[in-house]
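For the sequence shown, the numbering used here gives the first residue as 2, with consecutive numbering after it.
Heads up, the thing below is written out as structure tokens.
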Amino acid sequence: MTLTTTSYAILGHLAMQPWTMYDLAAQMRRNVHYFFPRAESQVYAEPKRLVELGLATAVSEATGKRTRTVYAITDAGRAELKRWLASPVSKGPVLEFEALLRVVLAPFGEKEDLAAALTQAREEIGGIFVLGERICDEYTSGTAPLQRYMLARSMLHDFLWSFGELVDDWAARSLKRMEDWEKQTPVERTAAAVEVYRVRTRRKRPKLPTPPPHDFHGRPEE
Numbered sequence: 002m003t004l005t006t007t008s009y010a011i012l013g014h015l016a017m018q019p020w021t022m023y024d025l026a027a028q029m030r031r032n033v034h035y036f037f038p039r040a041e042s043q044v045y046a047e048p049k050r051l052v053e054l055g056l057a058t059a060v061s062e063a064t065g066k067r068t069r070t071v072y073a074i075t076d077a078g079r080a081e082l083k084r085w086l087a088s089p090v091s092k093g094p095v096l097e098f099e100a101l102l103r104v105v106l107a108p109f110g111e112k113e114d115l116a117a118a119l120t121q122a123r124e125e126i127g128g129i130f131v132l133g134e135r136i137c138d139e140y141t142s143g144t145a146p147l148q149r150y151m152l153a154r155s156m157l158h159d160f161l162w163s164f165g166e167l168v169d170d171w172a173a174r175s176l177k178r179m180e181d182w183e184k185q186t187p188v189e190r191t192a193a194a195v196e197v198y199r200v201r202t203r204r205k206r207p208k209l210p211t212p213p214p215h216d217f218h219g220r221p222e223e
């Protein structure tokens, strides 16, 4: 039996309750989109494979003139999910964030391009706060669809809200630094960059002479 992490994500959702394919895809978007995004084609294909493996069932139900298929986990599926949850995590934390790639490559573009990427990052991470506010209201009022899983879900909320604040605060600080560049000398800009390294590293570093300054594009600067 060869299962992927996506397989277990689907199995886990079926362990919560039976779902139609449409509702399962919606729950995947709601529950794991910000840390385990998957193409909907994968979400739609995986339950059928789990049925073939005997880990899930598919039952057709009539709803008016239409027929829908409801997927549910089997005892074998629950046992396999439990086995996987007891196994070591297969990968450490991995971050895929295009705005950071643009920061790395920023010297080959223009400062305005970097500022636009940082601004867009702030706008897009705002979605996590909109969703988080709604989910917070649901769980604190006792009306969340999966209220019974509140203890573990609160840890997820803590992480995602903290991650959203991290991205938003980082982008805001970076934009402010770029504004300050216009008022700083080359040496002052370089000293500010050195201070970021010192402050944002766990082990305390001594203050050393400021390295020779370079401009935004990496050229030596007086």
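Glycine included, C-beta positions come from ideal geometry on N, C-alpha and C.
Beta-carbon contacts of residue i that lie in its chain and below 6 Å, excluding the five residues immediately before and after
| i | result |
| --- | --- |
| leucine 4 | none |
| histidine 218 | Pro108 |
| valine 52 | Ala59 |
| alanine 145 | Glu139 |
Range of the contiguous alpha helix (DSSP H) that encloses residue i
| i | result |
| --- | --- |
| alanine 26 | 22-33 |
| lysine 49 | 41-53 |
| phenylalanine 164 | 151-182 |
| glycine 219 | From DSSP, glycine 219 is part of no alpha helix (DSSP H); its letter is neither H nor E. |
| glycine 13 | 6-17 |
| threonine 191 | 187-200 |
Residue i, enclosing beta strand (DSSP E) - first and last residue
| i | result |
| --- | --- |
| arginine 69 | 67-74 |
| alanine 63 | 57-64 |
Minimum C-alpha distance to residue i - residue among the options
| i | options | result |
| --- | --- | --- |
| arginine 30 | Tyr140, Gly128, Ala57 | Gly128 |
| threonine 7 | Ser163, Pro19, Asp24, Pro48 | Pro48 |
| arginine 123 | Val105, Lys112, Ala100 | Ala100 |
| arginine 201 | Pro210, Arg174, Gly165 | Arg174 |
| alanine 46 | Phe36, Tyr23, Thr141, Glu111 | Tyr23 |
| phenylalanine 160 | Phe130, Gly110, Arg199 | Phe130 |
Cβ shell of residue i (< 7 Å), same chain only, five flanking positions each side left out
| i | result |
| --- | --- |
| arginine 79 | Ala16 |
| valine 33 | Ala10 |
| alanine 40 | none |
| threonine 75 | Gly55, Leu56, Ala57, Thr58 |
| valine 95 | none |
Contact belief for residue i with residue j at Cβ below 8 Å, rounded distance in angstroms
| i | j | result |
| --- | --- | --- |
| valine 230 | isoleucine 126 | The structure shown does not extend to residue 230, since the chain is modelled only from 2 to 223, so the question has no answer here. |
| glutamate 222 | proline 187 | 4 Å |
| threonine 191 | proline 212 | 6 Å |
| methionine 1 | alanine 118 | The question about residue 1 has no answer, for the chain in this structure spans 2 to 223. |
Contact set for residue i: own chain, Cβ-Cβ below 8 Å, skip 5 residues either direction
| i | result |
| --- | --- |
| histidine 14 | Trp20, Leu25, Gln28, Met29, Asn32 |
| glutamate 62 | Thr68, Arg69, Thr70, Val71 |
| glutamine 43 | Thr7 |
Uninterrupted alpha helix (DSSP H) stretches inside the segment 83-125 (no shorter than 4 residues): 99-105
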